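Take 0 as the starting number for the sequence shown in numbering that gives the first Met the number 0 and just add one per residue.
In this text, a Cβ means the ideal position worked out from N, Cα and C, and glycines have one as well.
Since this is a predicted model, take the numbers as computed values, not measurements.
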Amino acid sequence: MGHMDHFSAGWVTPVLSYVMACVGSALGLRCTVRAREADGASKRNWLLLASFAIGSGIWTMHFVAMMGFGVEGTPIRFDVPLTVLSLAMSIGVVSAGVFTAGYGRSRVTAVVLGGLGTGLGVAAMHYTGMAALNLHGSVGYDPLLVAASVAIAVVAATAALTLTLVVRGPVLTVVAALVMGLAVSSMHYTAMFAVHVSLAPSSAELPGATATEFLFPLAVLLGSFLFLASAYVALSPTGKRAESAATELLREVELSTATATEPAAPTTVTV
């Protein structure tokens, strides 16, 4: 049995992973708020951004945390195609849940079905990412803890979709994002504590990339996207403010046009 260390990098990886989960959740919630105020293509685009934000935030949280995972007696490598697949799964299943909640006629049905599907998808993303681990040995799981991690994922996803329908205002969004980040992080570490490794010592070269070669650059890229997108959403006007600004601009244009086309008053010349 290989000794595992989930915090080999100290406090940095769990704190940073939690921050990334919160940022992705906050951005996703704000985007869903904008989607509720929009119609047509604008609504679809806001929901797409929300899906990408929450999905990439969850994935980034997972693999930032994985950079602190180590097993005594073996190096660890990551299978690149499987890791990328886990990212695509994360965004895809979250997208299905967000669109179900965004367009569903019955809110209760949309949240229940969307939360179940999204939670199972998040769990599938996690365990697909774990399948990408290459080490000298085999990885096994405690079934009870696996079931607990899946249950946490479903509850967290259902809570997230519920919050997308009820959250109002930036303060409540921050609180909701902190709760979602905690739930997602709890799911991750519950799933990680379900892991046990049986070592098979070998001097053979392991296939795949190290965390520094692959995970770190990708996590930085996604993290930068989340922060920049958050700044954009925070600075862009809400639907009501944008409508008010557009109405005011239209009124000014009409006044300017009326002034420009108004006939000039006749000039009287006194002799």
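- Judged by DSSP in its simplified three-state form, residue 209 adopts coil rather than helix or strand.
- Annotation: the continuous alpha helix (DSSP H) that includes residue 118 extends over 106–130.
- Taken through DSSP and simplified to helix, strand or coil, residue 7 comes out as coil.
- Residue 12 and residue 154 have their C-alpha atoms some 24 angstroms from each other.
- When Cβ pairs closer than 8 angstroms are counted between the two stretches, the region 19–29 is seen to touch the region 50–58, the count reaching three or more.
- When DSSP states are grouped into helix, strand and coil, residue 187 belongs to the helix group.
- In this structure the region 32–39 does not touch the region 5–22; the number of beta carbon pairs closer than 8 angstroms is below three.
- Rounded to the nearest angstrom, the Cβ distance from residue 134 to residue 70 is 6 angstroms, consistent with a contact under 8 angstroms.
- The three-state secondary structure of residue 134, taken from DSSP, is coil.
- Judged by beta-carbon spacing, residue 121 lies beyond the 8 angstroms limit of residue 94, meaning their Cβ atoms are not closer than that value.
- Between residue 110 and residue 160, the C-beta gap is smaller than 8 angstroms, which places the two residues in contact.
- Looking only at 66, 180 and 107, the smallest Cα-Cα distance to residue 218 is reached by 66.
- Per DSSP, the continuous alpha helix (DSSP H) segment holding residue 221 begins and ends at 215–234.
- With a 10 Å radius around the Cβ and a threshold of 16 neighbouring Cβ atoms, residue 10 comes out exposed.
- Counting the other CB atoms within 10 Å of its CB gives residue 85 a total of 16 or more, which places it among the buried residues.
- Around the beta carbon of residue 211, fewer than 16 other beta carbons sit within 10 angstroms, so the residue counts as exposed.
- Around the beta carbon of residue 113, 16 or more other beta carbons lie within 10 angstroms, which makes this residue buried.
- Under the DSSP definition of a beta bridge, residue 102 lacks any partner.
- Per DSSP, the continuous alpha helix (DSSP H) segment holding residue 61 begins and ends at 39–65.
- A contact between stretches requires three or more CB pairs, one per stretch, nearer than 8 angstroms, and the region 171–185 fails this requirement with the region 96–107.
- At least 8 angstroms separates the beta-carbon of residue 194 from that of residue 126.
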